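Only one structure is covered here, and it is reproduced in the block below.
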Amino acid sequence: MSIGQLNFPEVTASSLPHLVDQGYGLIDVREVDEFEAGHIPGSIHIPLSGLQHLLHRLDSKSSYLVVCRSGARSTQAAKQLAERGIKAHNVTGGLTEFLRTDGTVRNRAGFIGRLA
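Numbering-wise (the numbering used here), the sequence shown opens with residue 7 and increments by one.
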């Protein structure tokens, strides 16, 4: 995707598990209540609203997949990360599409399954 002069790759939700296995980090930019209701195991929680203050948690030499519920907030986050030289890939369709591809999530109690 290209926004202004910035380009950052988009990946499909179905490719997410394979890319994580290859060593990509996974950033979930949804808000706290959304993340606690269910998130992809192993994801780093950095809400879009706090992204600027939490960039220090990221390794600038790593590549990241960015996910939200539908792909809108993750597009914004991927753009912000790319502006700072961090390799970011937006997950198109977000968590909604990931769950359609038989992906599972973990909630705050540790349950692994599907969102209701």
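From the three backbone atoms N, C-alpha and C, an ideal C-beta is built for every residue, glycine too. In this text, all values refer to a predicted model and were calculated from it rather than measured experimentally.
Check, Outcome
"Among Ser-49, Pro-15, Gly-77 and Thr-81, which has the Cα closest to the Cα of Asp-27?", "Ser-49"
"Give the range of the beta strand (DSSP E) segment to which Ser-69 is assigned.", "69-73"
"From Thr-110 to Leu-25, what distance separates their C-alpha atoms?", "16 Å"
"By the three-class DSSP mapping on this structure, what secondary structure does Asp-34 have?", "strand"
"How long is the line joining the alpha carbons of Gln-86 and Phe-14, rounded to whole angstroms?", "10 Å"
"Looking at Val-97 and Ala-19, is the spacing between their C-beta atoms short of 8 Å?", "yes"
"Note down the Cα distance separating Gly-44 from Asn-113, rounded to an integer number of angstroms.", "4 Å"
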